[in-house]
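Chains as they are written, first to last, in the numbering used here: chain Z, 173 to 789; chain F, 871 to 1376.
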Amino acid sequence: MNILPLIVLFPLLGALILAFNPRLPNRLAALVGVGSIGLSALVMVWLNWLFYLGDGGGFTQTLWQWVTVGDFRMGFTLYLDGLSLTMISVITGVGFLIHLFASWYMEKDLEGAPGYARFFAYMNLFVFSMLLLVLGDNLLLLYLGWEGVGLCSYLLIGYYYQSEYNAWCAFKAFIVTRIGDVFLAIGLFLLFTRFGTLDIQQLLQQAPQVWQEGDLMAEVAALMLLGGALGKSAQLPLHTWLADAMAGPTPVSALIHAATMVTAGVYLIARTHTIFELAPFTLSLVALIGLLTLLVAGFTALAQTDIKRVLAYSTMSQIGYMFLALGVQAWDVAIFHLMIHAFFKALLFLTSGSVIIACHHEQNIFKMGGLWRSLKLPYACFLIGGAALSALPLVTAGFYSKDEILWLTFDHGYSLLWLGALLGALLTSIYTFRMIFIVFHGREQIHPHAGRGIAHHLPLLALALLSTFVGGMIHPPLANVLPAGPEGQYGHLIRVLTEVLAAVVALVGVGIAAALFLGRRRLIGNLMEAKEGDRLRRFFYSGFAFDWLYERITVRPFLFIARLHRRDWVNSLVNMWPALALGLNDLLLGTQNGRLRWYAAVMTGGAVSMLFLLLLF
Amino acid sequence: MMLPLLLLIPFVGGLLCWQYELVRPNTALPRWIALATMVLLLVLALWQWVTGDYAISTVGSEPDWQSQFRIPWISFFGISFHLALDGLSLIMITLTGLLGILAVVCSWKEIDHRIGFFHLNLMWVIGGVVGVFLAVDLFLFFFFWEMMLVPMYFLIALWGHESEGRSPVSAAIKFFIYTQASGLLMLVSILGLVFFHYAQTGVLTFDYTVLRDTPITGTMAWVLMLGFFIAFAVKLPIVPLHGWLPDAHAQAPTAGSVDLAGILLKTAAYGLLRFALPLFPDTSQAFAPVAMGLGLVGIFYGAVLAFSQTDIKRLIACSSISHMGFVLIGIYAGTQLALQGVILQMVAHAFSAAGLFMISGQLYERLHTRDMRKMGGLFGRLGALPGFALAFVMASLGMPGTGNFIGEFLILFGAFDVAPWVVVVASFGLVLSAVYSLILMHRVYWGPPKAETTIARLDRREYLMLLGTLVLLIALGFYPQLVLDVSQGAMNEVRHWFAVSSSFAG
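Put into structure tokens, the structure is as follows:
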């Protein structure tokens, strides 16, 4: 287990080498960038083996004492248990495949322009931060990783820095998540003040002893942590950045904005689950937010035209499912779905990247069409990934995780939430197959060039395999970390019935999508031509107009205040004194005008008023 | 003998630079003399660092000086030439030495006329600052406090740049009047304290240790405390007394800005820690809510101001106002954690601001403008410079892994116990600091390039100086104990004096 630091070290070294040698030739840069993650992945496999052999308990390794001020003792300490093992497996495993794919993608995308090494430097730095996030033994170290991934996300969204639009998208992503981070920071302050430690294991141990269930402080602390999770995981109301984050290169969307970083919020809540268990109100809020997000994102995805934005909203909605699972205390299922989602969403994003490159950087699905003939492999991958996303029964990995969430929601007694989630499942399969039908079927409008080479094929094939039932058979070792959740209420028969129902719903969704988007698309055309239909489409397209709202309640007031202060009026007040002195100076200078009659008059006037005053007092 | 040596080195070095130029004008040798002077200062400070023992000890009536030096000066008034060094002053002096080196190196090409005289002024500013950090006789402290202004005035006035149509002389005068006027308030307070002490005990002395025990309460304490506070408030600066800062920074030469932001502002925080709090613990305690409120105002006002600037150096200058707001909150929170955070925040801010100022200096040398509206899209055209800019900007917004993060967070952690709501509000200042920091990146480096030509890349001198600063900043982020271990004893003492009073007040 002592090799644990190596897994963090390799990506850091890779990032440093690449950052200080930006002119490395592409092949060498790819070797360093992909190789470092590959080495990390090997360490991960070895760790899995060791963990399998061990007793399943946690393993702690302090690298050095980070900050010590009196009682404030933070170690630079890594902690490995079933949960963090699952996370690092996803990060380095899926991360390696994405890096490999990126070595193909960026070569095509940059077409010889500089920036290849810079890309991998950011990506490696990201993996480093993400690993620290999930391996951090105390919340301060977690926060370090937390902000680090935010930084890398910012840099990678704005990777094409010459475009004003991309730079603003990056800016938006950073600021919106930073708002969430502030809540997380306040949560940290609160927890430290209460417990005198930020060591996660100690916190989880002490919390139930200090707080009763429903204690106000517990609720506040949980709310603050939730605030951080909402920002990072793009949940309502801090979700607006994720769709714009698609401005980054597609492998970035796959790694950061689908498979790993955006699920950090889910990890955080699962990691601190004891605190949430003591805060029932916040916990139900988690479930509610999850449900709302999955529905809002689902409806929004229905109207998108950009292939990556459809996927972005689907990510948001799938994370909504994870939040729902957390909220109904189906802890391990949330993490299970996190893992499965990482497989199939990475697959979908990489495939879309392959399609985008094949279609000469075209991202509008309505300009594609009929691609299944020329892009066989991407078509197959998209079908597998889409099926997993829609949780089509039995053969897909998504079925095993998502239906478990639906079932447990129902079983733990939240039937209303369950109904909502079922509606979400219907939406999911509609928008997923809408995308597939529009992109791969219908009239061919573009002549694509299929991707080639092992760096292109291998990641797609591996992820496609993991997105089928094979992936569903992987069971993360979470039993020692996360509690089982409350007793169920229903028997086996009900379970089978609900699962059949969920499967039917998913298939119905595919049917609806086929009816609307296969063939001549007459029905949907008529719908869109109606005034109400168009208005609804535009409302969905704008993502329920959140951007419009936020622009008015935050951005504009801030800009107004900033404009008001450009002249620094506080300072202007201070500047009144010199103005006053100059004015007085002018006034007094005016009395020295050299005219005898003026002096005589003033003298007389002065003497008279003096006498007058003397008489008066 | 170590302490007078520390003090003398910069003054003598400065004189040598100047004299050499008088003998043989137009040579580069004064630069080397200045550099050697600064290196010597740094080495001596580091020697103290290695040999001293700065662990927390029990707080006695006599401060735990590592070394001191004392000879009578004007015995009739009880004034002595009393220097003393503890962890706090050592950190500040080491910082002064480091930034002194940076200041000399970054003006290597920028300053091309009257090189010797320039370095005379630069060395004397640094000498004055070292004096401020060492003096524990209040009269001597005041002497150095005023002394460091004069060479700074010349640095801005003679080697400064024009900005928004105003001459550097006007900025220099503004700077001088602000600090001079507030310095007078401090002098009055010092005299008041000394006479008060004389009236009570019959001993006329300016000695810090003795005066610290003056039992002083009521209106008198408030008046005297405010005299000190306002003097430091101008220098820190605290809104609404910040007016001199953007002008002075924008118009000073790079070396001047580096020193201003890096160490001159820190003399104020040092003064608060060394004098305002221990001399007037009760009133400071009562004043703490106001001071923290002012800190909050500074954080937000500075951030909004920074956001709306178009001159890159003014933006960085205004961001200092915002950062110093955190320092003020930390000082008046007065817990060990917050005070240690203050130290780290000061050191880290010195490096990050110095880095940003050096970069804007380098940009100015290449583009001949500091107007961000004329920049944009520079990322791919400048070699390694934008990468450094990115790193320093991230430090300035408090990215974990840099010293600024540790500083800010220790302050907030430490103050949360005392004033949770202040901390909650201050935390949202972190969002605004992200806004103004990223807007700098956005306006200068991102976006479509304005031209295709490449601009001169960093030469080795520039590269090494930025890299060195960055390495220090990151070292502080991953191993802050470097500084914290040295300051702990001194901060424990400040906390002690501050906390003792609260038991009285309670």
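Here a beta-carbon is modelled for each residue, glycine too, at the ideal position from N, C-alpha and C.
query: Listing by chain order, which chain F residues have their CB less than 8 Å from the CB of Z/HIS737?; result: TYR1171, VAL1174, LEU1175, SER1178
query: Grab me the residues of Z/TRP318's own chain with a C-beta within less than 6 Å of its C-beta, minus the 5 sequence neighbours each way, in chain order.; result: LEU305
query: Are the C-beta atoms of Z/ILE733 and some chain F residue less than 7 Å apart?; result: yes
query: How would you write the range of the alpha helix (DSSP H) that Z/MET302 sits in, first residue to last?; result: 288 to 307
query: From F/HIS1312 to Z/ALA339, what distance separates their C-alpha atoms?; result: 7 Å
query: Whether or not the segment 451 to 471 of chain Z and the segment 312 to 326 of chain Z are in contact is what I'm after, with contact meaning three or more pairs of Cβ atoms, one per stretch, closer than 8 Å; do they touch?; result: no
query: Kindly say whether F/SER1190, judged by its beta-carbon, lies nearer than 7 Å to any beta-carbon of chain Z.; result: no
query: I need the straight-line Cα distance from Z/TRP590 to F/LEU1302, nearest angstrom please.; result: 40 Å
query: Using beta carbons (cut-off 7 Å, strictly below), is F/GLN1215 in contact with chain Z?; result: no
query: Considering only residues of the segment 308 to 372 of chain Z, which uninterrupted alpha helix (DSSP H) runs meet the minimum length of 4 residues and lie entirely inside it, listed in chain order?; result: 311 to 329, 336 to 367
query: Quick one: which chain F residues come within Cβ less than 8 Å of Z/VAL239?; result: ILE1276, LEU1280, PRO1350, GLN1351, LEU1354
query: Along the chain, where does the alpha helix (DSSP H) that runs through F/GLY957 open and close?; result: 957 to 976
query: Going straight from the alpha carbon of Z/LEU519 to that of Z/ALA636, what length do you get?; result: 6 Å
query: Can you list the alpha helix (DSSP H) stretches of 4 or more residues lying completely in the segment 672 to 758 of chain Z, in chain order?; result: 694 to 701, 703 to 713, 718 to 722, 728 to 736, 741 to 746
query: Counting contacts by CB-CB distance shorter than 7 Å, is F/PRO1038 in contact with chain Z?; result: no
query: Which residue from F/LEU1308, F/VAL1294, F/PHE1249 puts its Cα closest to that of F/ARG1327?; result: F/PHE1249
query: My output table needs one value for Z/GLN237: the three-state DSSP class, helix, strand or coil.; result: strand
query: Check distances from the C-beta atoms of the segment 1008 to 1031 of chain F to those of chain Z and list, in chain order, the residues that come in under 7 Å.; result: none
query: Are the CB atoms of F/ASP956 and F/ALA1360 nearer to each other than 7 Å?; result: yes
query: Would you tell me roughly how many angstroms separate the C-alpha atoms of F/HIS1366 and F/VAL929, rounded to the nearest one?; result: 7 Å
query: Using DSSP with H/G/I as helix, E/B as strand and the rest coil, what is F/PRO942?; result: strand
query: Could you work out which residues of chain Z lie near F/ALA1304, taking near to mean beta carbons separated by less than 8 Å?; result: PHE346, ILE347, ARG350
query: I'd like to know if Z/ASN296 contacts chain F, where contact means its C-beta is closer than 7 Å to some C-beta of that chain.; result: no
query: Compute the Euclidean distance between the alpha carbons of Z/ALA442 and Z/ARG350, then round it to the nearest angstrom.; result: 21 Å
query: Grouping DSSP H, G and I as helix and E and B as strand, with all else coil, what is Z/SER562?; result: coil
query: Mind listing, in chain order, the continuous alpha helix (DSSP H) runs of no fewer than 4 residues lying wholly within the segment 1230 to 1272 of chain F?; result: 1255 to 1266
query: Please specify which runs of the alpha helix (DSSP H), each continuous and at least 4 residues long, are wholly inside the segment 182 to 258 of chain Z, giving them in chain order.; result: 198 to 225
query: Going by C-alpha to C-alpha distance, which of Z/LEU578, Z/SER526, Z/GLN661 sits closest to Z/VAL611?; result: Z/SER526
query: Can you tell me which of the three DSSP states F/ASP1077 falls into?; result: strand
query: Could you give the distance in angstroms between the alpha-carbon of Z/GLY320 and the alpha-carbon of F/ASN1362?; result: 33 Å
query: Which residues of chain Z have a Cβ atom closer than 9 Å to the Cβ of F/SER1297, listed in chain order?; result: VAL354, PHE355, ALA357, ILE358, PHE361
query: Express the C-alpha separation of F/PHE1003 and F/TYR1140 in angstroms, rounding to a whole number.; result: 8 Å
query: Opposite F/ASP1355 in the DSSP bridges: which residues?; result: Note: F/ASP1355 sits in no beta bridge, so no partner.
query: Reducing DSSP to helix, strand and coil, say where Z/LEU787 ends up.; result: helix
query: For Z/TYR158, which residues in chain F fall below 7 Å Cβ to Cβ?; result: Absent from the structure is residue 158 of chain Z, since the part of chain Z shown begins at 173 and ends at 789.
query: Restricting to Cα atoms, I'd like to know which of F/SER1357, F/ALA1042, F/ARG894 is closest to F/TRP935.; result: F/SER1357
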